[in-house]
Every structure is written in structure tokens, then in C-alpha cells.
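Written out below as C-alpha cells is the structure these notes cover.
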Amino acid sequence: MDRRNNTFANIDWLSILLWLVILSYGWMNIYSANIMEAEGGIFDFSQRFGKQIIWIGATIILAVLLLMLDAKIYTYFAYILYIIMVVVLMGVLVFGTEVNGAKSWFVIGGFQFQPSEFAKPITALALAKLLTSHTFEMKRITDLLKALVVIFIPPALILLQPDMGSTLVYFAFIFVLFREGFSANIMLLLAALIFLFFTTLVVDNAFVLLILVSGGLLIYAIVAKSSKKTVLIGAWTAVTFGALYGINRLTNSEFPLFTLGLVSLIPITLVLFIKGLQSRMYKHLKILAGVVIAVLFMISVDYAINNILKPHQQHRIYVTLGIEDDPQGVGYNVNQSKIAIGSGGFKGKGYLNGTQTKLHFVPEQSTDFIFCTVGEEWGFLGTTFVILLYLGLLLRMIFLAERQRSAFSRIFGYSFVSIIFIHFLVNIGMTIGILPVIGIPLPFFSYGGSSLWAFSMFLFIFLRLDASRLEILN
């Protein structure tokens, strides 16, 4: 048989080997975390490790089926699958079962099915289909908006469940757009806004406002090459603020410094905007727009934290940033997780010998906090091995994505890389306390049929596309 037409001869077996190692190591730790409750050995299907065996077996069958399908099917049916997926996400809001406060599941028999997990690979297919259409131009604002609509319809529905963790994962698709020509300046702006988000939570808003205005003035001085104008603008702003502050003290008002600062910026902002338009100084207007966007973003952060996030989500962020200390409440999971990982030392306590694991000090230690089981029983060596496995898989996926002749396959491959990277980074980050707990699994490792199937679907669709890289798919 011609190798070009032989799918299994062209499959990247190294990727499958890495997948199998991660899968097996994950099951071993699921087994360890639940062994004390078992009565019928490893095939006790009433326990999580027994159910995971069923899911793994079904996943292997699914993987073979995905590899056997014609690669062109994924391009032809991308939009149809996307529409079906959106309808299912709407359906779960009406007919789904609530689990842990989120209406994200369909329950069939003794198994739970979470549609939001499958939305990730299907969204990637639809995005790849859109970006490779002959009329699509990344630099055209209307086309970029179409891409953003495709990306963010699923998380908007998932947010209604509500499932904040799964919703945030979809921002990973921004990396895909960047790879395909999305403006680097916008990427830097997004990074700056993320930094500003956390700074706003930690530092007094009045001080952050002062830094933003000072930074804006510095950039203006460099661009305008006029220290005189810069000093005049700064002096005008300072005098306005001083007058408002004086009135505030004389009238015994209780307006905060941040509010006074905002009001003092309004006159100078209007003047600079009008003069910029009249003189067509668009570079100056961009600086002004940057400062205004940053200030408005600061205001939106406070609103979002206090009005959109639930109290437990707010406290998780505050605990992670060190603003609050609640080791027996919101911070309990992370605190116990860090104790478990730290107690493992360099080599760990040994497989099946973890005390924190066996006594269930860490909730969700088979799912979201499975990494703490590795840390306790396998120590630094075990956790390093897990990290190297994922880094190896990610690097391999990037290599495969870059060698694609089809743009559709490359985009889908980078979608997989981006989603896996975010899950890997956030899951491990939250177990060691450097990121807020948002409840997302470690791919292929955590217990759960829906996530295992969805991530494996993602992987094996890409491997099937890679096996057909010599064919014309789009």
C-alpha cells in the first residue's frame, strides 16, 4: 500500500506513546487516591478507578474510530458539529442536572456527561474552518469579529451554567489567532490588561491611577518630543486634583482619592482629545486612548469582582493574591494540597503510602487536585516527571502543527496546544497556590470520562489530520 494513503503508517506514534504514559500514570494516581474505599480490587466499578478503566477502554475505541475516518470529514462537518454543540449547550441549561452548583451535566444511568468539555475541540474545528475560508482576512475587522463570535459563543453559554473555569479556558484561542496573524500590539495590550487586573486587586486604586497617568505623560514626552507641553499637562492635572482635594477637605466630604483623581482628569482629557482631532495628531490620541482604556478597565475590575463573581470565587482570588487568609474556609483545598505536595519531599512517601491522600484531607484529589497525590507519593521526582511529560507532548504537538501543509490542520493543532497548555498551567498552578482555584482538570490525568474523551478526541483528530498532511484538505 502507498504510504501516502496508509493512515496508520503515517500516525505519529510518539504522540500516542506520550498519551498512553500520561493516561496510565494518571490512572495509577486515581487508584491510589481511592484504594481505601475499594472492596473488589482494581475492577471495582463502583469506585472511580474502576469507572476510569471503563472510560479508558472506551477512549481507546474512540481513538481508533477517529483515526479510521477520512480526514476531510472534519473539514466538511466543522460548522454542522458546531451548531449541534451550541444547541446541546443550550439544552443542558434546561434539561441538565446540577452538580456542585453548576447545571453542566447530563446524567445517563450511573454516568455523567459534560457537554462543555466537547465544545473545545468542536470550537477548534469551526475556528479552523472559518480562518481558512478563501474570503477571510485577519486584518479585516469584520472577519476578526466573526472569529471572536465563533470562539466566545460556547463560553457565553457555559458561563450561564455557571462554570467559570471552563469559560476562562476559551481565552486560549487568542494564541491561535496570534499564530495566524493577530496583531502583536493587541497581544501586548491584553497582557498589560491582565497585569493591570491583578495590580488593581492588590494595590490601592489611587496609586495605580497615579502610575498610569505618570506613564502616559512619560510616553507623551517621548512621542511629542516636548517636555514643556508634558509639564503643562501634568501641572494642569495636579492643580485640578489639588483644588478638588481642598474642596473635599473643606466640605468634610468623603470622596475617595481615586474618585477625585478621575474627576480631575476629565478636563485635560477633553482638551487633549479635541486638540488631537484638530491637529490630526493620531499618535497622541493613541496615547490618550491607552490611558483612558486602562482607567476604564480598572473601574470594570471592581465592578466584575463585586457584581459578577460569586463570593467564593472572589475569596479564592483574594486568598491566592494574599489579600485574605482563610486556611479553614475558601483556602482549605489549596492549603491541604500544598501540605500534601510539600510532605512528599524529594522522592515521595512511596506509591499507595500517602497519608494526606488516604485520609482525604484534600477534596477533589482524584479530579482537580490529582497533582497533589503525585506530589505526596512520588515527591519532587514524580511531579517533575509529570511536568516533563506534558512539556514533551506540547513540544511534539507544536512540531506537528508547524509541519502541516494544510492551514486547517495547523490551526486545529495550535488550538489543541493552547487548550492543553492552559489546563496544564492552571491546574498545577492552583494546586500549588500560585493561581486561583477555578476547577479545571489535568488533561488525560484527572478522573472523568467527559474530559478524557474530549481531550482524546482533540488529540486523535489532530493526529488523523497530521497523517493526511500530504493531502489537500482545504
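In my numbering, each residue carries its 1-based index in the sequence shown increased by 677. For each residue, glycine too, the CB sits at the ideal point set by N, CA and C. Please read these numbers as outputs of a predicted model, since none were measured by experiment.
N-terminal and C-terminal residue of the alpha helix (DSSP H) that ALA849 is part of: Here ALA849 belongs to no alpha helix (DSSP H), and DSSP marks it neither H nor E.
Residue burial classification, ASP1045 (beta-carbon count within 10 angstroms, cutoff 16): ASP1045 is buried by the Cβ-count criterion.
Contact with chain C by THR736, beta-carbon distance below 8 Å: Annotation note: the requested chain C is absent from the structure, which comprises a single protein chain.
Three-state secondary structure (DSSP) of THR877: In the three-state scheme derived from DSSP, where H, G and I count as helix and E and B as strand, THR877 is classed as helix.
Cα-Cα separation, GLU794 to SER843: Going by the C-alpha atoms only, they are around 8 Å apart.
Neighbour-count burial assignment, PHE1137, 16 or more Cβ in a 10 Å radius: Buried, because 16 or more other Cβ atoms sit within 10 Å of the Cβ of PHE1137.
Limits of the alpha helix (DSSP H) - the one that LYS905 falls within: Run containing LYS905: 904-927, per the alpha helix (DSSP H) assignment.
8 Å Cβ cutoff met for ILE964 and GLY893: For ILE964 and GLY893, yes; Cβs fall inside 8 Å.
N-terminal and C-terminal residue of the alpha helix (DSSP H) that SER781 is part of: Counting along the chain, no alpha helix (DSSP H) covers SER781; the unbroken beta strand (DSSP E) around it starts and ends at 779-785.
Stretch-stretch touch, CB-based, cutoff 8 Å, three pairs: the region 1012-1032 with the region 1046-1054: The answer is yes - the region 1046-1054 touches the region 1012-1032, with three or more Cβ pairs under 8 Å.
Straight-line gap, ALA1078 to ILE896 (C-alpha atoms, nearest Å): Each residue's CA atom was taken as its position, placing ALA1078 and ILE896 some 39 Å apart.
Separation of THR917 from ASN925, as counted between CA atoms: Using only the alpha carbons, I get a separation of about 12 Å.
Assigned secondary structure, GLN838 (DSSP; H/G/I helix, E/B strand, else coil): DSSP places GLN838 in coil when its eight states are reduced to three.
3-residue-minimum beta strand (DSSP E) runs that sit fully inside the region 739-808, ordered along the chain: 774-776, 779-785 and 788-790, all fully within the region 739-808.
Secondary structure of SER930, DSSP reduced to three states: Of the three classes helix, strand and coil, the one that applies to SER930 here is coil, per DSSP.
TRP696 versus GLN791: straight-line alpha-carbon distance, rounded: Rounded to the nearest whole angstrom, the CA to CA distance from TRP696 to GLN791 is 22 Å.
Among ASN929, TYR1124, ALA868 and ALA915, the one whose alpha carbon lies nearest that of PRO944: Of the listed residues, the one whose Cα sits closest to PRO944 is ALA915.
Where the alpha helix (DSSP H) containing ILE707 begins and where it ends: Where ILE707 is concerned, the enclosing alpha helix (DSSP H) stretches over 690-711.
Coarse secondary structure for MET678, derived from DSSP in three states: In this prediction, MET678 scores a pLDDT of 44, lower than 50, which makes its location untrustworthy; no coordinate-derived value is stated.
Alpha-carbon spacing of MET864 relative to ALA710, whole angstroms: The C-alpha of MET864 lies about 40 Å from the C-alpha of ALA710.
Own chain partners of MET678 with C-beta closer than 7 Å, once the 5 adjacent residues on each side are dropped: The predicted position of MET678 is uncertain, since its pLDDT is 44 and thus under 50; a value taken from the coordinates is nonetheless stated next. Taking C-beta separations shorter than 7 Å and ignoring five residues to either side along the sequence, MET678 has no partners in its chain.
CB-CB length for LEU742 against ILE688, believed under 8 Å: Contact between LEU742 and ILE688 fails: their C-beta atoms lie close to 14 Å from each other, not under 8 Å.
Closest by C-alpha distance to LEU1142, when choosing among THR1108, PHE726, ARG1080 and PHE859: For LEU1142, the closest C-alpha among the options THR1108, PHE726, ARG1080 and PHE859 is that of ARG1080.
Among PRO933, LEU934 and SER1127, nearest to TRP782 - alpha-carbon criterion: Ranking PRO933, LEU934 and SER1127 by Cα distance to TRP782 puts SER1127 first.
Backbone CA spacing between MET1134 and LEU1065 [nearest angstrom]: Between MET1134 and LEU1065, the C-alpha separation is close to 22 Å.
Residues near ILE757 by beta carbon distance below 8 Å, same chain, minus five either side: Within the same chain, ILE757 has no close Cβ partners at all.
Classification of ASN882 by the beta-carbon crowding that lies within 10 angstroms, buried from 16 upward: Buried, by the Cβ-count rule.
Contact check, PRO831 vs ALA779, beta carbons under 8 Å: No. Outside cutoff.
GLY734 versus SER701: straight-line alpha-carbon distance, rounded: Going by the C-alpha atoms only, they are around 12 Å apart.
Straight-line Cα distance separating GLN724 from TYR1124: Going from the Cα of TYR1124 to the Cα of GLN724 covers about 11 Å.
Start-to-end residues for the alpha helix (DSSP H) that takes in VAL1051: Its alpha helix (DSSP H) spans residues 1047-1079.
Residue from LEU1068, LEU921, ARG1082 and SER1086 with nearest C-alpha to HIS1100: Residue LEU1068 is the option with its Cα nearest to HIS1100.
Identity of the residue in TRP704, GLY703 and ASP747 nearest ARG1146 by Cα: The shortest C-alpha separation from ARG1146 is found at ASP747.
Beta-carbon proximity check, LEU1119 vs PHE1048, cutoff 8 Å: In this structure, PHE1048 lies closer than 8 Å to LEU1119 by Cβ.
Exposure label - TYR759; buried when at least 16 CB within 10 Å: Classification for TYR759: buried.
Pair within 8 Å by beta-carbon distance, PHE722 and ILE707: Going by C-beta atoms, PHE722 is not nearer than 8 Å to ILE707.
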